[in-house]
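Numbering (our numbering), first residue to last: 171 to 354. No residue lacks a Cβ here, since even glycine has one placed at the ideal position from N, Cα and C. Quick notes on the structure that follows.
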Amino acid sequence: MTKLSIETTGIRLRRNFFTRDVLEVAPDLLGKVLVRQFEDGSISRWLITETEAYKGEEDKACHANKGRTPRTEVMYREGGYIYVYLIYGMYWLLNIVTGETDHPQAALIRGLSKITGPGRVGKQLKLNKSFYEEDLITSNRLWLEAPIVNLRKYTSSVRIGINYAPDEWRLKRWRFSLNMSENK
DNA sequence: TCACGGATTCGT
DNA sequence: CGAATCCGTGAT
171 MTKLSIETTG IRLRRNFFTR DVLEVAPDLL GKVLVRQFED GSISRWLITE
221 TEAYKGEEDK ACHANKGRTP RTEVMYREGG YIYVYLIYGM YWLLNIVTGE
271 TDHPQAALIR GLSKITGPGR VGKQLKLNKS FYEEDLITSN RLWLEAPIVN
321 LRKYTSSVRI GINYAPDEWR LKRWRFSLNM SENK
């Protein structure tokens, strides 16, 4: 018997959840249950509390704005795959690829219940390069489940850490934060 | 082959 | 406010 601190239905999210546009999926990821099975077999669950949308080659803040490269290749796949990359030489940031094939886009997981900050998320989940292109639909070490109660109230704000992007993209309110108090 | 800098965090 | 720490990317 596993004692769960997060209430999950145990039902894994399927492909069609992820193949929608990132501007639909990113806020819809809020309140979903992220599950990690570690090497020793132990399983941890968290609620997703904060996400950001990165959409297309036109989005100057999205890594895919450089086109297809070894790093961005996975973003061109259909939704449901993992895009991880090392930032500042020390943090593996977790992204979930969304949309249809050849529409490069992804949702950055910026926060989970009890874990604030994308760098800390990768650290707690013990992510590394081997998670690049992991399939959330079939993976036995990382996947998403539908919660029993779907929390829906959230706030939109500008994305963090992309001051290099021109205003047109820098000012888009594509950061989505679960509003815990209004969801009680 | 080289230099640059980043979707961050932590300590001073 | 600056260091940590590494590799993808674009230029040479």
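Between which two residues does the alpha helix (DSSP H) holding residue i run?
i	result
Gly-292	288–294
Val-195	192–198
Arg-340	337–340
My assumption, with CB atoms under 8 Å, is that residue i sits in contact with residue j. Please give the rounded CB distance.
i	j	result
Trp-216	Ser-309	Trp-216 to Ser-309, Cβ: 16 Å. No contact.
Glu-242	His-233	Before going on, a small fix: residue 242 reads as Thr here, not Glu. Yes, Thr-242 and His-233 are in contact; Cβ-Cβ is about 5 Å, under 8 Å.
Gly-250	Phe-188	4 Å
Leu-306	Ile-266	7 Å
Tyr-261	Gly-292	5 Å
Leu-199	Ile-218	5 Å
Ile-318	Ala-231	Incorrect: roughly 35 Å between the Cβ atoms, too far for contact.
Beta carbon of residue i: closer than 7 Å to some heavy atom of the ligand COA?
i	result
Asn-298	The ligand COA is not part of the structure shown, which contains no ligands of any sort.
How should residue i be labelled, buried or exposed, when 16 other C-beta atoms within 10 angstroms of its C-beta is the threshold for buried?
i	result
Asn-320	exposed
Arg-329	buried
Met-171	At Met-171 the pLDDT is 44, less than 50, meaning the model places this residue with poor confidence and gives no usable figure here.
Arg-343	exposed
Glu-304	buried
Arg-345	buried
Tyr-258	exposed
Lys-354	With a pLDDT of only 46 at Lys-354, under the threshold of 50, the placement of this residue in the model should not be trusted; the figure read from the coordinates follows. It is exposed - the Cβ of Lys-354 has fewer than 16 other Cβ atoms within 10 Å.
Thr-268	buried
Asp-229	buried
Alpha carbons only, please: which of the options is nearest the one belonging to residue i?
i	options	result
Leu-204	Lys-323, Ser-327, Leu-312 and Ala-335	Leu-312
Ile-279	Lys-230, Arg-190, Arg-184 and Lys-202	Lys-202
Ala-335	Tyr-224, Leu-200 and Glu-194	Tyr-224
Arg-340	Lys-296, Ser-327, Val-244 and Ser-347	Ser-327
Thr-178	Glu-315, His-273, Gly-226 and Ala-196	Glu-315
Gly-237	Leu-263, Gln-275 and Glu-248	Gln-275
Gly-180	Ser-214, Gly-331 and Thr-268	Ser-214
Pro-240	Lys-323, Tyr-253 and Leu-264	Tyr-253
Val-244	Gly-259, Glu-270 and Tyr-258	Glu-270
Glu-227	His-273, Phe-208, Asp-191 and Arg-290	His-273
Leu-289	Thr-268, Leu-263, Ala-277 and Leu-295	Before going on, a small fix: residue 289 reads as Gly here, not Leu. Looking at the Cα atoms, Leu-263 is the closest of the given residues.
Glu-209	Pro-317, Ile-318 and Leu-295	Leu-295
Tyr-324	Ala-196, Asn-349 and Asp-337	Asn-349
Glu-248	Asn-235, Ile-176, Arg-190 and Gly-287	Arg-190
Thr-286	Arg-322, Ser-347, Lys-299 and Leu-256	Ser-347
Would you mind reading off the limits of the beta strand (DSSP E) that contains residue i?
i	result
Arg-345	345–348
Glu-315	312–317
Gly-281	275–282
Thr-308	Looking at the DSSP string, Thr-308 is not in any beta strand (DSSP E), and its letter there is neither H nor E.
Thr-271	Careful: Thr-271 lies outside any beta strand (DSSP E) and carries neither H nor E.
Tyr-324	324–327
In chain order, each alpha helix (DSSP H) run of at least 4 residues that lies wholly inside the region 173–261 = Taken in chain order, the unbroken stretches of alpha helix (DSSP H) that lie wholly in the region 173–261 and span 4 residues or more are 185–188 and 192–198.
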